[in-house]
Amino acid sequence: MPSGRASRRARTSTFWPSTITPSPLASTAAGTLRLRSTDLAVEIEATVDASTTWARDFLAAHRAGLIRGLSPGFRVPQGGDKVERRGADLLRTVTAAQLFEVSAVTVPAYPAAQIEARGWQPVAALAQRLVTHHSNRWRL
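Just so we're aligned, residue 1 is where the sequence shown starts under the UniProt record's numbering, counting upward by one.
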């Protein structure tokens, strides 16, 4: 996302596997999507539960390197940007935005907007492993 701060004014934000499929992977309303706005960027952390087919498809495509980009859906409130002329070009700087969705895509709107996976263990598989393997139980 361009530099500036994102507003959390929208009721909920959603992390989508693409802009084509209406199958959410995480959302602020469900507590599985966390947004943190800094002076340099908006940091997005999503917990993707692999119990749905579209989540498994997304995770497999990301692991394969097919989906690595991120495209934010946002609105710029009045006064939330500035436009300046630089030679024959115009430069728009967004200083405030209302983020309403984030999509994982093959070609991001902003080349620097990339996603990475941390802790590849799917939530459902992790829960199963913790329950079925005695060596993973807490000891007092």
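Here a beta-carbon is modelled for each residue, glycine too, at the ideal position from N, C-alpha and C.
Endpoints, beta strand (DSSP E) assigned at residue i
| i | result |
| --- | --- |
| residue 46 | 42-46 |
| residue 108 | First-last for residue 108: undefined, no H or E at that position. |
| residue 33 | 33-37 |
| residue 94 | 89-94 |
| residue 86 | 81-86 |
| residue 75 | 69-75 |
Cβ-Cβ distance between residue i and residue j below 9 Å
| i | j | result |
| --- | --- | --- |
| residue 74 | residue 105 | no |
| residue 32 | residue 49 | yes |
| residue 70 | residue 102 | yes |
| residue 25 | residue 55 | yes |
| residue 43 | residue 37 | yes |
| residue 85 | residue 114 | no |
Local Cβ density within 10 Å of residue i, reported as buried at 16 or more and exposed below that
| i | result |
| --- | --- |
| residue 64 | exposed |
| residue 144 | Nothing can be reported for residue 144, as the shown portion of the chain is limited to 1 through 140. |
| residue 51 | exposed |
| residue 97 | buried |
| residue 88 | exposed |
Limits of the unbroken alpha helix (DSSP H) element including residue i
| i | result |
| --- | --- |
| residue 57 | 53-63 |
8 Å contact criterion, which residue i and residue j should meet: CB distance rounded
| i | j | result |
| --- | --- | --- |
| residue 35 | residue 72 | Actually they are not in contact, since the Cβ atoms of residue 35 and residue 72 sit about 10 Å apart, beyond 8 Å. |
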